[in-house]
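What follows is a short report on a single structure.
Residue numbers (my numbering): 8 to 142.
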């Protein structure tokens, strides 16, 4: 079984801002990182005009050829929104990971059906009624 390790949410968010999916790579959520990268690619393909993509690619390949002011930032807004959503998602996942780790260390059990905290004095989930023996 894989051991859960403490993650830094601020670092996951910072990496997520630097590049779409980088925060998820830090969290070792490979498929989620690939999904966010693919979402960023599709967003730029569908919503960003071709001229803006050509100007951006020219800036990446040859930084001295054009200025950043020549790049229309409003055209890149959909890509920036996907980037921000990816960073927020990485932050939330890191926080959830740390919460689960803290609960695991404290011995708190959760119901497999509804996910709420179980009372150790009863043999069923007081929230959804599922027997603990069934789950």
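Virtual Cβ for every residue (Gly too), placed ideally from N, Cα, C.
- Rounded to the nearest whole angstrom, the C-alpha separation of residue 67 and residue 78 is 12 Å.
- The alpha-carbon of residue 25 is positioned some 36 Å away from that of residue 116.
- Across the structure, residue 82 and residue 60 are spaced so that their CA atoms are roughly 9 Å apart.
- Our two residues, residue 50 and residue 100, have alpha carbons roughly 23 Å apart in a direct line.
- An exposed status is given to residue 135, since fewer than 16 other beta-carbon atoms sit within 10 Å of its beta-carbon.
- In the three-state reduction of the DSSP assignment, residue 138 falls in the strand class.
- Beta-bridge annotation (DSSP): residue 124 is paired with 117.
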